[in-house]
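Undergrad: Next up is a structure, given as structure tokens.
Chains as they are written, first to last, in the numbering used here: chain A, 48 to 240; chain B, 48 to 240.
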């Protein structure tokens with residue numbers, strides 16, 4: 048059972064994540080957050096000492112959720128099927144939201160990229176963990192002859208994450224699936240023998 | 048010869064572009080712009096009626112500059128060499144800045160992506176023009192048997208732009224070239240027969 052305080056904290060995290068992802072972190076004001084959560088300033092600051100602390104908590108939660116998504120999506124009888132399953136889950140997830148929001152890590156990275164911040168460190172870690180998980184499955188698929196071995200698994204994994212992130216960004220901009228679909232089709236052809 | 052007014056306008060555009068790209072459009076205040084340009088509020092507003100108008104002018108200028116960059120980089124004796132030349136110019140350009148700033152269109156797209164704005168329309172157009180230019184060269188390379196024909200040229204071109212944009216975003220985050228280099232290596236292998 049979660050306490051009333053924890054429930055409020057979770058509600059703030061969820062509401063604020065949605066606003067940050069839609070408006071951008073920099074453009075979101077404390078008043079936006081108060082309006083959306085219906086909280087008084089004192090309650091908001093009781094749970095999070097600053098907008099930065101709230102942003103950090105959202106990224107940390109998004110990181111845990113995304114790693115769980117990766118692990119759930121990278122399933123299948125063979126490494127090749129695990130990769131296919133992952134790619135279709137990525138498309139399905141973004142189609143479901145109508146390409147609104149995009150990728151919280153990509154969005155925040157681009158907004159915060161040149162500033163010294165604890166945000167950058169969390170986001171870097173997410174991309175590293177994502178690439179590492181894909182690298183392991185790609186290497187296993189290469190060993191079985193399911194994926195081309197002309198490039199090292201870490202380079203392929205890095206390319207895959209770059210193409211997906213760029214595809215999500217452009218699909219979000221256009222609000223249609225073609226950019227992400229082109230990115231995934233290219234990935235599919237690149238990985239195959 | 049350009050007038051004093053035009054020179055001031057150009058200086059505002061240049062200074063503001065650098066700040067927007069580093070801090071993000073939303074997080075940049077009018078005071079930041081006044082501080083960086085050394086102008087009084089009245090002079091700034093004489094040239095640009097709002098932060099939005101300034102942002103729009105910067106994107107339009109960046110669009111013209113980037114299309115000129117593409118045309119200058121897509122040169123070489125054969126379509127294949129034009130593509131290779133373009134990819135190495137992309138890497139060179141971002142290496143030169145130490146991966147600070149990244150891609151103004153990707154940055155702004157991710158910050159503004161879900162808002163109704165004239166920005167989104169300019170950025171969409173840039174990506175369309177970029178993809179179209181690459182598509183033409185890729186199609187020519189396919190006709191000569193220099194690039195694989197298993198995928199249509201527009202899908203390959205879309206994939207290429209997605210991978211480059213994602214690679215620039217992650218290279219900017221990490222301040223090292225590996226993410227962009229992995230993206231380009233994957234592109235190279237994908238395009239080759």
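Here a beta-carbon is modelled for each residue, glycine too, at the ideal position from N, C-alpha and C.
What does the Cβ neighbour count give for residue 191(A), buried or exposed, with the cut at 16 atoms within 10 Å?
TA: Residue 191(A) comes out exposed.
Undergrad: Verify whether the separation of the beta carbon atoms of residue 126(B) and residue 193(B) is less than 9 Å.
TA: Yes, the Cβ-Cβ distance between residue 126(B) and residue 193(B) is below 9 Å.
Undergrad: What are the residues of the region 100–122 of chain B that lie near chain A, defined by any Cβ-Cβ distance shorter than 9 Å?
TA: Per Cβ criterion, the list is empty.
Undergrad: Tell me which residues of the region 143–154 of chain A have at least one Cβ-Cβ distance to chain B shorter than 8 Å, keeping chain order.
TA: Listed by position along the chain: 147, 148, 149, 153, 154.
Undergrad: Helix, strand or coil for residue 166(B), going by three-state DSSP, please let me know.
TA: Reduced to three states, the DSSP call for residue 166(B) is helix.
Undergrad: Under 6 Å Cβ to Cβ from residue 156(A), same chain only, skipping five residues before and after it: list those, please.
TA: Cβ within range, chain order: 170.
Undergrad: Which residue comes first and which comes last in the alpha helix (DSSP H) that contains residue 110(A)?
TA: Note, residue 110(A): alpha helix (DSSP H), 98–120.
Undergrad: Does the distance from the CB of residue 152(A) to the CB of residue 173(A) come in under 9 Å?
TA: Yes, the Cβ-Cβ distance between residue 152(A) and residue 173(A) is below 9 Å.
Undergrad: Looking at the structure shown, is residue 196(A) part of a helix, part of a strand, or coil, going by DSSP?
TA: In this structure, residue 196(A) counts as coil in the three-state DSSP scheme.
Undergrad: Could you list which residues in chain A have their beta carbon closer than 9 Å to that of residue 97(B), in chain order?
TA: By Cβ distance, chain A contributes nothing, its closest Cβ being about 15 Å from residue 97(B), past 9 Å.
Undergrad: For residue 122(A), does the count of other Cβ atoms within 10 angstroms reach 16, so buried, or fall short, so exposed?
TA: It counts as exposed.
Undergrad: DSSP on residue 203(A), reduced to helix/strand/coil?
TA: It is helical.
Undergrad: Considering only the beta carbon of each residue, do residue 149(A) and residue 218(A) sit closer than 9 Å?
TA: Yes, these two residues count as a Cβ contact at 9 Å.
Undergrad: Taking 9 Å as the CB-CB limit, is residue 206(A) close to chain B?
TA: Yes - at least one Cβ of chain B is within 9 Å of the one on residue 206(A).
Undergrad: Is there a Cβ from chain A that is less than 9 Å from the Cβ of residue 195(B)?
TA: Yes, residue 195(B) lies at the interface with chain A (some Cβ there is under 9 Å from its Cβ).
Undergrad: Any C-beta of chain B sitting closer than 9 Å to the C-beta of residue 234(A)?
TA: Yes, residue 234(A) lies at the interface with chain B (some Cβ there is under 9 Å from its Cβ).
Undergrad: Determine the direct distance from the alpha carbon of residue 79(B) to that of residue 227(A), and round the result to whole angstroms.
TA: Between residue 227(A) and residue 79(B), the C-alpha separation is close to 36 Å.
Undergrad: Would residue 139(B) pass as an interface residue toward chain A - the criterion being a Cβ-Cβ separation below 9 Å?
TA: Chain A, which has no Cβ nearer than 9 Å to the Cβ of residue 139(B), makes this no.
Undergrad: Going along the chain, which residues of its own chain have a beta-carbon closer than 6 Å to the beta-carbon of residue 222(B), five neighbours each way excluded?
TA: Taken in chain order, the residues that qualify are 146.
Undergrad: Residue 136(B) to residue 84(A), Cα distance in whole Å?
TA: Approximately 47 Å between the Cα atoms of the pair.
Undergrad: What's the C-alpha gap between residue 113(A) and residue 165(A)?
TA: C-alpha separation (whole angstroms): 18 Å.
Undergrad: Report the option in 216(A), 89(A), 215(A), 177(A) whose CA atom is closest to the CA atom of residue 202(A).
TA: Considering only alpha carbons, the answer is 177(A).
Undergrad: With distance defined between alpha-carbon atoms, name the residue in 197(A), 72(A), 232(A), 60(A) nearest to residue 214(A).
TA: For residue 214(A), the nearest C-alpha among the options comes from 232(A).
Undergrad: For residue 182(B), count neighbouring C-beta atoms within 10 Å of its own C-beta (all shown protein chains included) and say buried if the count is 16 or more, exposed if not.
TA: The residue is buried, with at least 16 neighbouring Cβ atoms inside 10 Å.
Undergrad: My assumption, with CB atoms under 8 Å, is that residue 63(A) sits in contact with residue 101(A). Please give the rounded CB distance.
TA: Indeed, because the Cβ distance is near 6 Å, the residues count as touching under 8 Å.
Undergrad: State the DSSP-derived secondary structure class of residue 187(A), mapped to helix, strand or coil.
TA: In the structure shown, residue 187(A) sits in a helix (DSSP, three-state: H, G or I).
Undergrad: When burial is assigned at 16 or more other CB atoms within 10 Å of the CB, is residue 120(B) buried or exposed?
TA: Per the 10 Å Cβ criterion, buried.
Undergrad: For the region 172–190 of chain B, which residues have a CB atom closer than 7 Å to at least one CB atom of chain A, in sequence order?
TA: Cβ contacts with chain A: 174.
Undergrad: If the cut-off is 7 Å on Cβ atoms, which residues from the region 59–82 of chain B count as contacting chain A, listed in chain order?
TA: Correct list: 69, 71, 73, 74.
Undergrad: How big is the Cα-Cα spacing for residue 224(B) and residue 237(A)?
TA: Roughly 21 Å separates the two Cα atoms.
Undergrad: Does the Cβ of residue 209(A) have 16 or more other Cβ atoms within 10 Å, making it buried, or fewer, making it exposed?
TA: Under this definition residue 209(A) is a buried residue.
Undergrad: Given residue 109(A), which residues of its chain have a CB within under 6 Å of its CB, disregarding the five upstream and five downstream residues?
TA: If we look at residue 109(A) and ignore the five residues flanking it on each side, its Cβ neighbours are 151.
Undergrad: Could you spell out the range, first to last residue, of the alpha helix (DSSP H) harbouring residue 90(B)?
TA: Unbroken alpha helix (DSSP H) run through residue 90(B): 88–94.
Undergrad: Span of the alpha helix (DSSP H) holding residue 74(B)?
TA: Careful: residue 74(B) lies outside any alpha helix (DSSP H) and carries neither H nor E.
Undergrad: Using CA atoms only, rank isn't needed, just tell me which of 187(A), 117(A), 216(A), 144(A) is closest to residue 65(A).
TA: Out of 187(A), 117(A), 216(A), 144(A), 144(A) has the C-alpha closest to the C-alpha of residue 65(A).
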